[in-house]
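Chemist:
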Amino acid sequence: MAAHTQIVGKTKADFIKLHASKIRIENIKIDDKEVDFERGTGEITINKVKPDQKIVIDVDYSAPIEPDMQGVYLSTYQNGEKIEKIVATQFESHYARECFPCVDEPAAKATFDLTISTPIPTDTILANMPIKNEKLEPDKKTVEFERTPKMSTYLLAFAVGNFIGCQITSQHGVQITAYAGVHQKISDLEYAAHFAADVLDFYDDCYKTPFPLPKMDLLALPDFEAGAMENWGLVTFREIAMIANEKSSFDQRQYVALVIAHELAHMWFGDLVTMKWWDDLWLNESFANMMEVYATDKIRPELSAWDYFYTTAIMSAFNRDCLPNVQPVRVEVKNVEDISNLFDGAIVYGKGSRLLMMLMRTMGEKNFFNGLADYFEKHKYSNTEADDLWDALSPYAKFDVKEYMTPWLTQPGYPVITDGEQERFLISGDTDDSKYPIRKLRDDLTGHYLINLSQTELDEKLNNLDELSREQKIRLLIDRRYLAKTNRAESVSLLPLIEAFADERDPIIWELISAIVADLKIFFPPKSDEKHRFMRYMRDIAYPHYCRLGIEAKAGESEDDKKLRPFIMGIMHYAADEEYIEAVDGKYNNVFVAKLDQDLRGIIASTLVRKHPELSIKYFGIYSTSPDSALKRDLMDALTAVRDHDIAIGYLKYLMDGTVRPQDRHIFYLRLLRNYMIRSEAYEWAYKNWDWLYKEEGDKTIPDYPRYMAYYINNKEDAKKFKKFFSLHEKEKILARDIKIAYAEIDARLALIDSDKDKIYEYIYKK
Ligand SMILES: [Zn+2]
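Going by the working numbering, the sequence shown opens with residue 0, and the numbers climb by one from there.
#1: My assumption, with CB atoms under 8 angstroms, is that Asp-296 sits in contact with Ala-304. Please give the rounded CB distance.
#2: Just to confirm, are Lys-139 and Thr-110 a CB contact at a threshold of 8 angstroms?
#3: On the three-state DSSP scale, how would you describe Gln-69?
#4: Going by C-alpha distance, which of Ala-514, Ile-759 and Pro-213 is nearest Gly-569?
#5: Determine the DSSP secondary structure at Cys-546, reduced to helix, strand or coil.
#6: Between Ile-426, Lys-108, Val-415 and Glu-422, which has its C-alpha nearest Asn-451's C-alpha?
#7: If you draw a straight line from the alpha carbon of Ala-260 to that of Val-292, how long is it in whole angstroms?
#8: Let me confirm a value: Trp-684 is counted as buried when at least 16 other C-beta atoms fall within 10 Å, else exposed. Which label applies?
#9: Please tell me whether, using a cut-off of 7 angstroms, the distance from the CB of Ala-287 to the nearest non-hydrogen atom of ligand 1 is below it.
#10: How about Asn-230: is its Cβ closer than 7 angstroms to a heavy atom in ligand 1?
#11: By alpha-carbon positions, which one of Gln-183, Ala-1, Met-228 and Leu-607 ends up nearest to Phe-90?
#12: Since Tyr-413 and His-447 are thought to touch, with beta carbons under 8 angstroms apart, how far apart are those beta carbons, to the nearest angstrom?
#13: Flag Glu-224 as yes when its Cβ comes closer than 7 angstroms to any non-hydrogen atom of ligand 1, and as no otherwise.
#14: Do we get a CB-CB distance below 8 angstroms when we pair Gly-649 with the residues of chain D?
#15: Please return the same chain residues whose Cβ sits closer than 8 angstroms to the Cβ of His-665, not counting the five positions on each side in sequence.
#16: What three-state label does DSSP hand Thr-485 in the structure shown?
#17: Checking 8 angstroms against the spacing of the C-beta atoms, do Ile-64 and Val-86 come in under that value?
#18: Please state if the CB of Ala-593 and the CB of Asp-627 are separated by a distance shorter than 8 angstroms.
#19: Can you tell me whether DSSP reads Pro-414 as helix, strand or coil?
#20: Measuring only the C-alpha atoms, how far is Lys-610 from Tyr-587?
#21: Whose C-beta lies closer than 8 angstroms to the C-beta of Glu-680 among residues of the same chain, with five residues either side of it excluded?
#22: From Asp-755 to Phe-367, what distance separates their C-alpha atoms?
#23: For a test of your reading of the model: does the CB of Asn-283 fall under 7 angstroms from any non-hydrogen atom of ligand 1? Yes or no.
#24: Between Glu-498 and Ala-195, what straight-line distance do the alpha-carbon atoms span, to the nearest angstrom?
#25: In chain order, what residues of the same chain lie with their CB nearer than 7 angstroms to the CB of Tyr-622, ignoring the 5 residues before and after it?
#26: Please list the terminal residues of the continuous beta strand (DSSP E) segment that includes Ser-116.
#27: Do Phe-162 and Thr-123 come within 8 angstroms of each other at the CB atom, strictly closer than that value?
#28: Report yes if the CB atom of Leu-519 is closer than 8 angstroms to the CB atom of Leu-493, and no otherwise.
#29: Counting only runs of 4+ residues fully inside the region 455 to 520, write out the alpha helix (DSSP H) ranges in chain order.
#30: Looking at Leu-355: is its Cβ nearer than 8 angstroms to the Cβ of Met-289?
#31: Could you pull out every unbroken alpha helix (DSSP H) segment of at least 4 residues lying fully inside the region 82 to 148, listed in chain order?
#32: Which same chain residues end up closer than 6 angstroms to Lys-28 when comparing Cβ atoms and leaving out the 5 residues on each side of it in sequence?
#33: Looking at the strands, I want to know which residues DSSP matches up with Val-7.
#34: Give every residue of the same chain whose Cβ lies closer than 6 angstroms to the Cβ of Ala-19, excluding the five residues on either side of it in the sequence, and list them in chain order.
#35: Please report how far the alpha carbon of Asp-35 lies from the alpha carbon of Phe-14, in whole angstroms.
#36: Please classify Asp-443: is it buried, with 16 or more other beta-carbons within 10 angstroms of its beta-carbon, or exposed?
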């Protein structure tokens, strides 16, 4: 890509430093005179400039366009016989410097005038702002965009390609367009466009600060590293995070709504007001993660956004935050290498949003949002740190907000409360002397702590479930689940807990029961008699629900029943219940998989593959060619769970040859690890191909590997191999933390299996 950048500004010192990475500079001029410059790693320096002068810097250069999903990158997809190409950008956190020389730090805000040319005149060109001028020549199209407001470099974006779009105007008059490649359908973009319009208007009112741009584009890209990116006025997404219609599964509609609400929350938290430096990334991400739930619940209550929050944000935070060496929400960041380690989803997103929800409830919603409105008014178009937020909220709180929140944000971990006393909860069963401010102990879901009830208190609650609120029930299941991961509660106590909740028809209860069942699987070696006993035990618990719900949606049934069915079928599937398998096989074997009810498609496809392993080969054919990302995800779940060693092993090679898209590789690999038939080989594959994997995945994704791999280790032999391999990488900055955490997690799990398995076996044999 040949490019030219002009920077207009005032010098402060006698030298100028600009970030520039991977770009080849032809020449640099200051006020039209060519100057010398020095190249360092990721930067250029121009010496001998006069301080305090208004100057114009011009840089001619070229920048590479690679399929690496960062900086300016190339995304391709098959459209019938043709291969379509898209050029897109991903600048967060520090990749704008791969596109143009600049001061690539969030506090260095500037306005931007962008002009882009393409040799394909039929292409659409998008950027943050609306088009100002467009020039068409026979073999060239040039688009000049309106000037942006003052903003950070990491939020700049553009995209060039052959797109379809669905355009609407929000009630507040903002033009919203949802775009995708031409392999998608316009009708699959309407859901995103309408939801985006509603949520943008909602935030306008909620923050009492109008959305400052004249338009809002959403663009689904076939290759995308994260889930989505909040570029101001041009949000980019993975296809699965944006493509949906009213017939999509409940989960898909909920997910797309939440991702859009998250990214559009960033138009204020992040884009209008930006953290000064990456230490305060939580000011962006924790807020966006809470607001996605808050807004979606207000706009589309039928999507049960808070339920998602309870089972995802709260549980992922509890999961990760009980491990030693975990990072706090607010992390010190010294240089750009530290940034890759920042985006720990369970912490800066999950735990951070959970802490903000705690603050909102403690202050009261109205007070909280009044404070936020002041915050935006005072800091718009500039940068902030934590204290600016506390200052804005304080006038509306009856307590010291800073004193309350700082220990929660700067210390890792959370407490367990026993008899009114708190101790830090650690997976090892140990504790340390960290203390966390708790204003009032509540047994709903407000606080980030576990409550360790006495046996009498627990029995009292379990015997009177009807008297508990929904949140109290959810907390009880979550608390008991985590306590049982340590010596604070025996694992066997989870079984009477499941039995006590067995009559409940609320889908979230069964989602939590399914999570507990997944935890308990570590106690049962593959194909063992104990495993069969446990499968039978769970089958008996789920069976009455199965009889009532069956395996297909019924006309006029409640939304709860509709949502409950896949969880019950999931347990019947796990239990390999013959009656269930025959029913699914009889009803669905001849139905084309894409035509199945999308709420049940994943579990039906998995059950069919369990019965007919060869079907997974057919599914893989569809998986590798379909543009339908929700279908692909369901197929991936099914085909990776195949109980045929040779077929499963074949998938490992598709991770390397591009058949599985690089953006999906780590997800596909995780699914393969779930399959005990090839788990050992899947571990070996990663060890053997580690250097290749590291190079392909890059700094942001590679720490996921030790994290995921540790998650499925439940025997000494695999643990030993894991430690032997990763001992060679413990010193690598990108991996060090995740490796340490993985060791602790594995050790705790092996100890738990040793100490708790006998009592579990005894219990299920007595049943
Ligand atoms: Zn975000």
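The beta-carbon is built from N, C-alpha and C at its ideal position, and this holds for glycine as well.
Only a predicted model underlies this, so the values are computations on that prediction, with no experimental measurement involved.
Modeler: Taking the definition as stated:
#1: Walking along the sequence shown from the start, residue 296 turns up at place 297. Walking along the sequence shown from the start, residue 304 turns up at place 305. With a Cβ gap of about 4 angstroms, Asp-296 and Ala-304 count as contacting.
#2: Within the sequence shown, residue 139 is the residue found at index 140, counting from 1. Within the sequence shown, residue 110 is the residue found at index 111, counting from 1. It is not a contact, given that the beta carbons lie outside the stated cut-off.
#3: Start at 1 with the first residue of the sequence shown, and residue 69 comes out as number 70. Coil at Gln-69, not helix or strand.
#4: One-based indexing of the sequence shown puts residue 569 at position 570. Cα-wise, what sits closest to Gly-569 is Ala-514.
#5: Against the sequence shown, residue 546 aligns to sequence position 547. DSSP places Cys-546 in helix when its eight states are reduced to three.
#6: The count along the sequence shown starts at 1 and reaches residue 451 at position 452. Residue Val-415 is the option with its Cα nearest to Asn-451.
#7: Translated into the one-based positions of the sequence shown, residue 260 becomes position 261. Translated into the one-based positions of the sequence shown, residue 292 becomes position 293. Ala-260 and Val-292: Cα-Cα distance of roughly 8 angstroms.
#8: Taking the first residue of the sequence shown as 1, we reach residue 684 at position 685. By the 10 Å Cβ count, Trp-684 comes out buried.
#9: Counting from one through the sequence shown, the residue named residue 287 turns up at place 288. Yes - ligand 1 has a heavy atom lying nearer than 7 angstroms to the Cβ of Ala-287.
#10: On the sequence shown, residue 230 is found 231 positions in, with the first residue counted as 1. For ligand 1, not one heavy atom lies less than 7 angstroms from the Cβ of Asn-230.
#11: Mapped onto the sequence shown, residue 90 falls at position 91. It is Met-228 whose Cα lies nearest to the Cα of Phe-90.
#12: As a position in the sequence shown, residue 413 is number 414, starting the count at 1. As a position in the sequence shown, residue 447 is number 448, starting the count at 1. Right, their Cβ atoms sit about 5 angstroms apart.
#13: Counting from one through the sequence shown, the residue named residue 224 turns up at place 225. False, no ligand heavy atom lies under 7 angstroms from that Cβ.
#14: Although the question refers to chain D, the structure presented lacks it and comprises just one protein chain.
#15: Counted from its first residue, the sequence shown places residue 665 at position 666. Glu-696, Thr-700, Asp-703, Tyr-704 and Tyr-707, listed in sequence order.
#16: For this step, residue 485 is matched to residue 486 along the sequence shown. It is coil, neither helix nor strand.
#17: Counting from 1 along the sequence shown, the entry for residue 64 is found at position 65. Counting from 1 along the sequence shown, the entry for residue 86 is found at position 87. For Ile-64 and Val-86, yes; Cβs fall inside 8 angstroms.
#18: Locating residue 627 in the sequence shown gives position 628, where the first residue counts as 1. Locating residue 593 in the sequence shown gives position 594, where the first residue counts as 1. Going by C-beta atoms, Asp-627 is nearer than 8 angstroms to Ala-593.
#19: Within the sequence shown, the letter at position 415 stands for residue 414. Pro-414: strand per DSSP, three-state reduction.
#20: In the sequence shown, counting from the first residue as 1, residue 610 sits at position 611. In the sequence shown, counting from the first residue as 1, residue 587 sits at position 588. Looking at the two C-alpha atoms, the distance is approximately 12 angstroms.
#21: The count along the sequence shown starts at 1 and reaches residue 680 at position 681. Here the set comprises Ile-648 and Leu-651.
#22: Numbered from its first residue, the sequence shown carries residue 755 at position 756. Numbered from its first residue, the sequence shown carries residue 367 at position 368. Going by the C-alpha atoms only, they are around 45 angstroms apart.
#23: By 1-based counting over the sequence shown, the position of residue 283 is 284. Result yes, Cβ under 7 angstroms from ligand 1.
#24: For the purposes of this step, residue 498 is taken as residue 499 along the sequence shown, with counting starting at 1. For the purposes of this step, residue 195 is taken as residue 196 along the sequence shown, with counting starting at 1. Cα-Cα distance, rounded: 42 angstroms.
#25: For this step, residue 622 is matched to residue 623 along the sequence shown. The residues are Lys-631, Leu-634, Met-635 and Leu-638.
#26: On the sequence shown, position 117 is the one that residue 116 refers to. Ser-116 -> beta strand (DSSP E) spans 114 to 117.
#27: Taking the first residue of the sequence shown as position 1, residue 123 is located at position 124. Taking the first residue of the sequence shown as position 1, residue 162 is located at position 163. The answer is yes: Cβ separation under 8 angstroms.
#28: Against the sequence shown, residue 519 aligns to sequence position 520. Against the sequence shown, residue 493 aligns to sequence position 494. Yes.
#29: 469 to 482, 493 to 500 and 506 to 519
#30: Taking the first residue of the sequence shown as position 1, residue 355 is located at position 356. Taking the first residue of the sequence shown as position 1, residue 289 is located at position 290. Result yes, Cβ atoms of Leu-355 and Met-289 sit closer than 8 angstroms.
#31: none
#32: If you number the sequence shown from 1, residue 28 lands on position 29. Excluding residues within five positions, the ones whose Cβ falls inside 6 angstroms are Asp-57.
#33: For the purposes of this step, residue 7 is taken as the residue at position 8 of the sequence shown. Partner(s): Val-55.
#34: Position 20 of the sequence shown, counted from the start, is the residue given in the question as residue 19. For Ala-19, where only same-chain residues beyond five positions count, the Cβ hits under 6 angstroms are Ile-43, Arg-96 and Pro-100.
#35: Taking the sequence shown and counting its residues from 1, the one referred to as residue 35 is at position 36. Taking the sequence shown and counting its residues from 1, the one referred to as residue 14 is at position 15. Each residue's Cα considered, the two are about 12 angstroms apart.
#36: As a working mapping, residue 443 is identified with position 444 in the sequence shown. The residue in question, Asp-443, is exposed, as its Cβ has fewer than 16 Cβ neighbours within 10 Å.
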